[in-house]
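Q:
Protein chains: 2
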Amino acid sequence: MSIQKIARLAGVSVATVSRVLNNSDTVKAKNRERVLAAIAESNYQPNLLARQLRTARSYMILVMVSNIANPFCAAVVKGIEEEAEKNGYRILLCNSGSDIERSRSGLTLLSGKIVDGIITMDAFSKLPELATLIGDAPWVQCAEYADSGAVSCVGINDVDAAQHVVSWLADKGRQRIALINHDLHYKYARLRERGYKSVIHTRELVYQSVEYASELSAAAGKAAAERLLAAETRPDAIFAVSDTLAAGAIRAIEQAGLRVPEDVAVVGFDGTDLAEMITPQLTTIEQPSHEIGRKAVGLLLTKIDNPDSSTERVMMAWQLTPRASA
Amino acid sequence: MSIQKIARLAGVSVATVSRVLNNSDTVKAKNRERVLAAIAESNYQPNLLARQLRTARSYMILVMVSNIANPFCAAVVKGIEEEAEKNGYRILLCNSGSDIERSRSGLTLLSGKIVDGIITMDAFSKLPELATLIGDAPWVQCAEYADSGAVSCVGINDVDAAQHVVSWLADKGRQRIALINHDLHYKYARLRERGYKSVIHTRELVYQSVEYASELSAAAGKAAAERLLAAETRPDAIFAVSDTLAAGAIRAIEQAGLRVPEDVAVVGFDGTDLAEMITPQLTTIEQPSHEIGRKAVGLLLTKIDNPDSSTERVMMAWQLTPRASA
DNA sequence: CTGAAAGCGCTTACAG
DNA sequence: CTGAAAGCGCTTACAG
Chain E
1 MSIQKIARLA GVSVATVSRV LNNSDTVKAK NRERVLAAIA ESNYQPNLLA RQLRTARSYM
61 ILVMVSNIAN PFCAAVVKGI EEEAEKNGYR ILLCNSGSDI ERSRSGLTLL SGKIVDGIIT
121 MDAFSKLPEL ATLIGDAPWV QCAEYADSGA VSCVGINDVD AAQHVVSWLA DKGRQRIALI
181 NHDLHYKYAR LRERGYKSVI HTRELVYQSV EYASELSAAA GKAAAERLLA AETRPDAIFA
241 VSDTLAAGAI RAIEQAGLRV PEDVAVVGFD GTDLAEMITP QLTTIEQPSH EIGRKAVGLL
301 LTKIDNPDSS TERVMMAWQL TPRASA
Chain P
1 MSIQKIARLA GVSVATVSRV LNNSDTVKAK NRERVLAAIA ESNYQPNLLA RQLRTARSYM
61 ILVMVSNIAN PFCAAVVKGI EEEAEKNGYR ILLCNSGSDI ERSRSGLTLL SGKIVDGIIT
121 MDAFSKLPEL ATLIGDAPWV QCAEYADSGA VSCVGINDVD AAQHVVSWLA DKGRQRIALI
181 NHDLHYKYAR LRERGYKSVI HTRELVYQSV EYASELSAAA GKAAAERLLA AETRPDAIFA
241 VSDTLAAGAI RAIEQAGLRV PEDVAVVGFD GTDLAEMITP QLTTIEQPSH EIGRKAVGLL
301 LTKIDNPDSS TERVMMAWQL TPRASA
């Protein structure tokens with residue numbers, strides 16, 4: 001079913017059908033009616049491929065995430081959806097699982113002109129080739145940063161936030177503060193580790209220990225915590241760079257017969273719903289996840305509308321929310 | 001940058017360039033090299049819109065979910081991704097939030113020929129018009145069912161599973177078993193409620209109480225449980241139709257100063273990671289989420305390859321996993 | 001207000 | 001093994 005058939009059915013030209021489809025106001029009422037009738041009768045659906053090929057516009061944006069199952073990620077995506085929708089854009093989600101092949105495959109949607117722009121929450125230092133694949137197509141990074149300033153991004157000041165957590169734990173008398181970090185391919189992971197280490201250093205805390213979780217899952221957090229607890233000297237506080245990891249860490253601590261927070265305090269990061277669902281409830285850094293997502297869309301749309309606009313780095317406010325776990 | 005320019009650069013016809021792009025083996029080695037060189041030099045990326053318009057094939061499938069933040073949903077999607085990838089398909093995720101407008105908008109990707117088929121985990125009884133929008137495009141429902149047998153689907157026997165849970169609780173001496181259900185627009189919600197009620201009836205349990213959660217979140221589960229606990233006669237067991245709801249219910253029970261499972265037993269549904277992360281760990285019905293996702297892709301691909309193939313209803317195995325909460 | 005025609009960037013019989 | 005040409009289904013100046 002094409003525009004041609006509708007034109008024939010309605011007894012007008014394809015141009016007129018197209019005008020009706022695009023709400024052009026220059027169509028005579030009678031013709032409009034006939035076209036509309038033909039469309040209804042034949043259950044016609046416009047072919048978006050053809051339209052987008054012709055107009056070079058899709059009003060779709062691609063969101064690439066490494067793990068949609070991570071609640072922080074899901075919350076950011078929610079913000080992205082809201083703002084996109086408000087501006088007449090639709091979002092397509094691509095779950096890369098941090099897999100290079102899958103990321104590449106997802107990016108062909110951008111290079112192949114299926115979408116108008118891309119928002120990534122993935123680490124791209126791992127795969128510089130992908131940056132070249134994106135080329136100068138509209139792109140913003142969200143809750144993650146490029147090393148260079150070539151691409152717009154939005155997030156929080158990770159160094160500050162990490163410093164705040166560690167200082168806060170030290171103020172409470174914790175002596176042996178450990179870090180459960182994520183893959184250092186992520187810039188945010190490197191920044192938070194920098195914050196952690198700087199406070200360990202300025203406070204002259206002798207204990208320092210970092211374990212890396214392979215992914216942002218409770219299972220990975222639990223495994224990392226088990227490694228920390230198995231060491232000769234045990235930490236009396238654990239700072240995990242995500243709530244999910246922290247939830248796993250709490251499990252590990254309890255299974256080792258220790259108490260949270262008495263024996264080991266735990267602080268998470270993100271401020272997801274999960275923080276309130278687990279026992280004890282989790283002290284965590286709240287990120288303005290919805291706003292981060294919203295802002296990312298804002299930056300992207302200005303880039304789409306004006307490709308020459310300058311890149312921006314937006315830092316949002318965060319806060320530490322103390323609960324029972326630390 | 002188009003195939004035309006590559007052709008000019010390489011000194012061949014567009015047909016030859018296209019053949020190289022599609023790995024046709026009939027291209028002379030020398031010409032292939034020249035084309036490849038031109039492509040590399042100009043950083044050419046094929047326009048997928050044009051290709052898909054021409055071939056009427058995208059090797060993309062759309063997955064419509066109502067709430068990707070629900071871990072069961074995320075797990076099914078993971079299975080879908082794996083199986084799709086194995087078959088050379090890419091998946092596009094569309095988070096409808098059960099919103100009609102957004103669902104409709106997502107479906108234009110199908111009707112607009114951007115994708116070859118669709119897998120839905122959404123309730124469509126709410127929006128029969130969407131079913132007509134899909135028309136006879138390849139479609140399978142996943143962990144949810146149409147009333148009629150017109151569309152292929154894969155899931156578990158929800159009536160049986162619900163009956164099993166309630167019988168099991170009754171066997172353990174629970175007298176007042178309540179149900180926290182989801183929106184009855186979902187067929188699975190109606191089926192589980194039917195299972196629940198049938199056992200209440202055959203066991204001649206006098207207490208019966210159903211509360212509905214507005215969405216599959218812990219917050220909604222907590223609110224529903226609070227309503228149950230506020231009633232004149234309090235339940236001594238709660239069966240929630242999702243682990244997320246159950247997690248919220250546990251919170252509500254504890255906040256009311258009661259113990260799980262001593263005062264109120266809690267059973268969930270889905271068998272997500274969450275069940276092991278919360279305290280007490282959750283007794284739940286395990287659904288084979290990955291396999292459900294995988295199977296859905298299998299059904300869809302046979303439908304894509306052979307539009308005349310008959311619709312199927314696949315029921316997978318499930319099991320009750322007892323843990324501390326009941 | 002309307003239609004004929006060009007063109008978006010590909011693929012693919014067809015002829016050579 | 002290769003190229004000229006048609007065509008996928010749209011939109012949009014352009015002329016009337």
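Protein chains in written order, with UniProt numbering: chain E, 1 to 326; chain P, 1 to 326.
Cβ coordinates follow ideal geometry from the N, Cα and C atoms, glycine included.
In this text the structure is predicted, and so the values were computed from the model without any measurement.
By DSSP, does residue 389/P sit in helix, in strand, or in coil?
A: Any property of residue 389/P remains undetermined from this structure, which presents chain P solely from 1 to 326.
Q: If the cut is a Cβ gap below 9 Å, which residues of chain P does E81/E touch?
A: The answer, in chain order, is N95, G97, R102.
Q: Alpha carbons only, please: which of A326/E, S209/E, V115/E, V63/E is nearest the one belonging to N47/P?
A: It is V115/E.
Q: Under a Cβ-count criterion, where at least 16 other Cβ atoms within 10 Å of its own Cβ denotes burial, should D308/E be classed as buried or exposed?
A: Exposed: under 16 other Cβ atoms inside 10 Å.
Q: Going by alpha carbons, who is nearest to T283/P out of L245/P, I292/P, K295/P, E83/P?
A: Among L245/P, I292/P, K295/P, E83/P, the Cα nearest to that of T283/P belongs to L245/P.
Q: Could you check which residue in S242/E, R203/E, I238/E, M277/E has the C-alpha nearest to that of V260/E?
A: The shortest Cα separation from V260/E among S242/E, R203/E, I238/E, M277/E belongs to I238/E.
Q: So with CB distances below 7 Å, who are the chain E contacts of R251/P?
A: Ordered by position in chain E, the residues that pass the 7 Å Cβ test against R251/P are M277.
Q: I believe H182/E touches L216/E by the beta-carbon criterion, under 8 Å. Please report the beta-carbon distance rounded to the nearest angstrom.
A: About 6 Å; that satisfies the 8 Å criterion.
Q: Quick one: measure Cβ to Cβ for T311/P and A50/P, integer angstroms, because I've assumed they're closer than 8 Å.
A: About 33 Å separates the two Cβ atoms, so there is no contact after all.
Q: Does the region 168-188 of chain E come into contact with the region 15-26 of chain P, if we say contact requires no fewer than three beta-carbon pairs (one atom in each stretch) closer than 8 Å?
A: They do not touch, by the three-pair rule.
Q: Nearest CA to the CA of S148/E: which residue from S98/E, P138/E, H164/E, F124/E?
A: Here the closest residue by C-alpha is F124/E.
Q: So which residues on chain E does A143/P lean against when the C-beta distance must stay under 8 Å?
A: Per Cβ cutoff of 8 Å: no residues; A143/P is ~16 Å from chain E at best.
Q: For the region 288-300 of chain P against the region 69-80 of chain P, do three or more pairs of beta-carbon atoms, one drawn from each stretch, fall closer than 8 Å, so that the two count as touching?
A: The region 288-300 of chain P, when compared against the region 69-80 of chain P, does touch it at the 8 Å Cβ threshold.
Q: Kindly indicate which three-state DSSP category residue 332/P falls into: helix, strand or coil?
A: This structure leaves residue 332/P out entirely; chain P is present only between 1 and 326.
Q: Tell me which residue opens and which closes the beta strand (DSSP E) that E41/E is part of.
A: Unbroken run through E41/E is the alpha helix (DSSP H), 29-42; no beta strand (DSSP E).
Q: Would you kindly report the start and end of the unbroken beta strand (DSSP E) that includes L320/P?
A: From DSSP, the beta strand (DSSP E) with L320/P extends over 319-321.
Q: List the residues of chain E whose Cβ lies closer than 8 Å to the Cβ of S105/P, in chain order.
A: Within 8 Å Cβ-Cβ: R90.
Q: Are D122/P and M64/P touching if we call contact CB-CB under 8 Å?
A: Their beta carbons are under 8 Å apart, which means D122/P touches M64/P by this criterion.
Q: Is the beta carbon of I91/P closer than 8 Å to that of Y44/P?
A: No, the pair does not count as a contact, with Cβ atoms beyond the cut-off.
Q: Report the neighbours of A69/P on chain E: residues whose CB is nearer than 7 Å to its CB, in chain order.
A: Within chain E, the residues near A69/P are P71, A74.
Q: Which same chain residues end up closer than 7 Å to Q319/P when comparing Cβ atoms and leaving out the 5 residues on each side of it in sequence?
A: Within the same chain, Q319/P has close Cβ partners E286.
Q: Is the CB of N31/E under 8 Å away from at least one CB in chain P?
A: No, N31/E does not count as interfacial toward chain P.
Q: Give a yes or no on whether the C-beta atoms belonging to V166/P and Y188/P are separated by under 8 Å.
A: No; because the gap between Cβ atoms is not below 8 Å, this pair is not in contact.
Q: Here's a check: name, in chain order, each residue in its chain whose Cβ is nearer than 6 Å to the Cβ of T302/P, leaving out the five neighbours to either side.
A: For T302/P, where only same-chain residues beyond five positions count, the Cβ hits under 6 Å are S309.
Q: Could you check whether the region 95-107 of chain E touches the region 50-60 of chain E, counting it as contact only if at least three pairs of C-beta atoms, one from each stretch, sit closer than 8 Å?
A: No, because fewer than three Cβ pairs between the region 95-107 of chain E and the region 50-60 of chain E fall closer than 8 Å, the two stretches do not touch.
Q: For chain E, check one thing: does any of its Cβ atoms lie closer than 8 Å to the Cβ of A317/P?
A: Answer no: the Cβ-Cβ gap between A317/P and chain E never drops below 8 Å.
Q: Looking at chain P, is there any beta carbon in it that lies within less than 8 Å of the beta carbon of L127/E?
A: No, because no Cβ of chain P sits closer than 8 Å to the Cβ of L127/E.
Q: Note down the Cα distance separating K86/P from G298/P, rounded to an integer number of angstroms.
A: Those two C-alpha atoms are separated by around 11 Å.
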